[in-house]
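Some notes on the structure that comes next.
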Amino acid sequence: MKVLLSLSLLISLAFAQQDATFTVKKSKQAFKPGFYCSDYMTDGRACYYFDTLGTVRMFNSPELPDKIPAAFAKKPNVLYSAPYTYTNDTLRFKIAVYLNPGDFNPVSAKQTTTVVGTLKDDMIRLTAVTDVNGRVDSRKETFVRLIHQP
1 MKVLLSLSLL ISLAFAQQDA TFTVKKSKQA FKPGFYCSDY MTDGRACYYF
51 DTLGTVRMFN SPELPDKIPA AFAKKPNVLY SAPYTYTNDT LRFKIAVYLN
101 PGDFNPVSAK QTTTVVGTLK DDMIRLTAVT DVNGRVDSRK ETFVRLIHQP
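Residue numbers for the sequence shown follow the working numbering, beginning at 1 and rising by one.
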(Lines of atoms letter the chains of each structure in order from A and count residues from 1; the text may use other names and numbers.)
(Lines give C-alpha, C1' and ligand atoms only; values in the text may rest on other atoms or scores of the structure.)
Protein backbone atom coordinates (compact mmCIF):
# COMPACT_ATOMS: atom_id res chain seq x y z
CA MET A 1 0.00 0.00 0.00
CA LYS A 2 2.83 2.38 0.89
CA VAL A 3 4.47 1.54 -2.40
CA LEU A 4 1.29 2.39 -4.36
CA LEU A 5 0.89 5.65 -2.48
CA SER A 6 4.52 6.59 -3.09
CA LEU A 7 4.26 5.61 -6.74
CA SER A 8 1.07 7.66 -7.29
CA LEU A 9 2.67 10.68 -5.59
CA LEU A 10 5.76 10.33 -7.78
CA ILE A 11 3.65 10.04 -10.96
CA SER A 12 1.58 13.12 -10.04
CA LEU A 13 4.80 15.08 -9.45
CA ALA A 14 6.15 13.94 -12.82
CA PHE A 15 2.99 15.12 -14.59
CA ALA A 16 3.12 18.42 -12.73
CA GLN A 17 6.71 18.93 -13.93
CA GLN A 18 5.73 18.27 -17.55
CA ASP A 19 3.10 21.03 -17.44
CA ALA A 20 5.66 23.66 -16.43
CA THR A 21 6.91 25.91 -19.22
CA PHE A 22 10.41 27.30 -19.32
CA THR A 23 11.43 30.31 -21.36
CA VAL A 24 14.98 31.29 -22.05
CA LYS A 25 15.59 34.95 -22.74
CA LYS A 26 18.14 35.66 -25.42
CA SER A 27 20.64 38.15 -24.13
CA LYS A 28 21.08 41.12 -26.43
CA GLN A 29 24.59 41.59 -27.73
CA ALA A 30 26.33 44.72 -26.58
CA PHE A 31 28.28 46.47 -29.32
CA LYS A 32 31.65 47.72 -28.17
CA PRO A 33 33.00 50.66 -30.18
CA GLY A 34 36.72 50.34 -30.93
CA PHE A 35 39.13 48.80 -33.40
CA TYR A 36 38.01 45.78 -35.44
CA CYS A 37 40.49 44.14 -37.83
CA SER A 38 40.58 41.13 -40.12
CA ASP A 39 42.91 38.21 -39.56
CA TYR A 40 43.86 38.07 -43.23
CA MET A 41 46.80 40.24 -44.26
CA THR A 42 48.70 40.77 -47.51
CA ASP A 43 50.07 44.32 -47.67
CA GLY A 44 47.96 45.31 -44.67
CA ARG A 45 44.98 43.99 -42.78
CA ALA A 46 41.60 45.70 -43.21
CA CYS A 47 40.66 47.59 -40.06
CA TYR A 48 37.67 49.61 -38.96
CA TYR A 49 37.58 52.08 -36.09
CA PHE A 50 34.06 52.58 -34.71
CA ASP A 51 33.96 55.59 -32.41
CA THR A 52 31.35 56.30 -29.74
CA LEU A 53 29.89 59.22 -31.76
CA GLY A 54 28.63 57.01 -34.62
CA THR A 55 31.47 57.32 -37.17
CA VAL A 56 33.40 54.43 -38.71
CA ARG A 57 36.83 54.91 -40.26
CA MET A 58 38.29 52.27 -42.58
CA PHE A 59 42.05 51.87 -42.94
CA ASN A 60 44.70 49.26 -43.72
CA SER A 61 47.42 48.45 -41.23
CA PRO A 62 50.61 46.39 -41.55
CA GLU A 63 50.93 46.31 -37.73
CA LEU A 64 50.29 43.42 -35.36
CA PRO A 65 46.83 43.67 -33.78
CA ASP A 66 48.06 44.85 -30.37
CA LYS A 67 49.99 47.74 -31.99
CA ILE A 68 47.21 48.96 -34.31
CA PRO A 69 45.53 51.47 -31.91
CA ALA A 70 48.85 53.24 -31.15
CA ALA A 71 49.85 53.30 -34.84
CA PHE A 72 46.42 54.68 -35.79
CA ALA A 73 46.74 57.44 -33.19
CA LYS A 74 50.10 58.51 -34.67
CA LYS A 75 49.14 58.31 -38.37
CA PRO A 76 45.49 57.45 -39.13
CA ASN A 77 45.75 56.80 -42.95
CA VAL A 78 41.95 56.69 -43.21
CA LEU A 79 40.70 55.48 -46.60
CA TYR A 80 37.15 56.63 -45.85
CA SER A 81 34.85 57.52 -43.00
CA ALA A 82 31.08 57.34 -42.74
CA PRO A 83 28.33 57.50 -40.14
CA TYR A 84 27.15 54.12 -38.87
CA THR A 85 24.02 52.89 -37.13
CA TYR A 86 23.63 49.94 -34.78
CA THR A 87 20.24 48.27 -34.31
CA ASN A 88 19.37 44.73 -33.18
CA ASP A 89 22.89 43.27 -33.50
CA THR A 90 23.34 44.82 -36.96
CA LEU A 91 25.69 47.60 -38.04
CA ARG A 92 25.03 49.60 -41.20
CA PHE A 93 27.02 52.24 -43.07
CA LYS A 94 27.28 53.55 -46.62
CA ILE A 95 30.27 55.03 -48.42
CA ALA A 96 30.00 57.15 -51.56
CA VAL A 97 33.17 57.79 -53.58
CA TYR A 98 33.31 59.97 -56.69
CA LEU A 99 35.79 58.72 -59.28
CA ASN A 100 37.35 61.34 -61.56
CA PRO A 101 38.37 60.57 -65.13
CA GLY A 102 41.95 59.36 -65.40
CA ASP A 103 44.25 56.87 -67.09
CA PHE A 104 42.44 53.80 -65.78
CA ASN A 105 39.00 55.38 -65.61
CA PRO A 106 38.04 57.34 -68.75
CA VAL A 107 34.68 58.57 -67.38
CA SER A 108 33.61 59.95 -64.04
CA ALA A 109 31.57 57.66 -61.83
CA LYS A 110 29.92 57.44 -58.44
CA GLN A 111 30.77 54.32 -56.47
CA THR A 112 28.49 53.51 -53.55
CA THR A 113 29.33 50.74 -51.12
CA THR A 114 26.66 49.63 -48.67
CA VAL A 115 27.99 47.63 -45.73
CA VAL A 116 25.91 45.55 -43.34
CA GLY A 117 27.60 43.92 -40.35
CA THR A 118 26.22 41.23 -38.08
CA LEU A 119 27.66 41.17 -34.58
CA LYS A 120 28.46 37.93 -32.79
CA ASP A 121 30.52 38.01 -29.60
CA ASP A 122 33.56 40.17 -30.39
CA MET A 123 33.38 39.59 -34.14
CA ILE A 124 31.53 41.34 -36.96
CA ARG A 125 30.62 39.67 -40.26
CA LEU A 126 30.72 42.50 -42.81
CA THR A 127 28.99 42.16 -46.17
CA ALA A 128 29.74 44.94 -48.67
CA VAL A 129 27.80 45.49 -51.89
CA THR A 130 29.42 47.92 -54.32
CA ASP A 131 27.39 49.72 -56.97
CA VAL A 132 28.97 51.86 -59.70
CA ASN A 133 26.67 54.16 -61.68
CA GLY A 134 23.55 52.11 -60.97
CA ARG A 135 24.78 48.59 -61.63
CA VAL A 136 25.93 46.12 -58.99
CA ASP A 137 29.60 45.31 -59.45
CA SER A 138 30.60 43.19 -56.50
CA ARG A 139 29.64 41.62 -53.22
CA LYS A 140 32.34 40.86 -50.66
CA GLU A 141 32.31 39.44 -47.17
CA THR A 142 34.90 39.68 -44.44
CA PHE A 143 35.12 38.97 -40.72
CA VAL A 144 36.70 41.46 -38.34
CA ARG A 145 37.53 40.94 -34.66
CA LEU A 146 37.57 43.41 -31.81
CA ILE A 147 41.09 44.38 -30.74
CA HIS A 148 41.06 44.47 -26.96
CA GLN A 149 42.93 47.44 -25.57
CA PRO A 150 44.54 47.56 -22.14
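All residues carry an ideal CB built from backbone N, CA and C; glycine is no exception. Predicted, not measured: the structure shown is a model, and the values here were computed from it.
Residue range of the beta strand (DSSP E) that includes residue i
i	result
I95	90 to 99
N60	55 to 61
P83	80 to 87
T127	123 to 132
Range covered by the alpha helix (DSSP H) that runs through residue i
i	result
F72	68 to 74
Within 9 Å, strictly: CB atoms of residue i and residue j
i	j	result
V56	P76	no
M58	Y40	no
N88	K110	no
L91	T118	yes
V136	T142	no
F35	Q149	yes
Neighbourhood of residue i by C-beta, 8 Å cutoff - its chain only, sequence neighbours within 5 removed
i	result
G54	P83, Y84, T85
C37	R45, A46, C47, Y48, S61, P65, I68, V144, R145, I147
Same chain only: Cβ atoms within 7 Å of residue i, ignoring 5 sequence neighbours per side
i	result
V3	Confidence at V3 is low in this model, with a pLDDT of 48, below 50, so its placement is unreliable and the value that follows should be read with caution. Excluding sequence neighbours, V3 sits near nothing in its chain.
6 Å Cβ shell around residue i - same chain, five flanking residues per side excluded
i	result
V78	R57, F59
State whether the segment 59 to 76 contacts the segment 86 to 96, with contact taken as three or more CB pairs (one from each stretch) at a distance under 8 Å. Pairwise C-beta distances place the segment 59 to 76 out of contact with the segment 86 to 96, as fewer than three of them are shorter than 8 Å.
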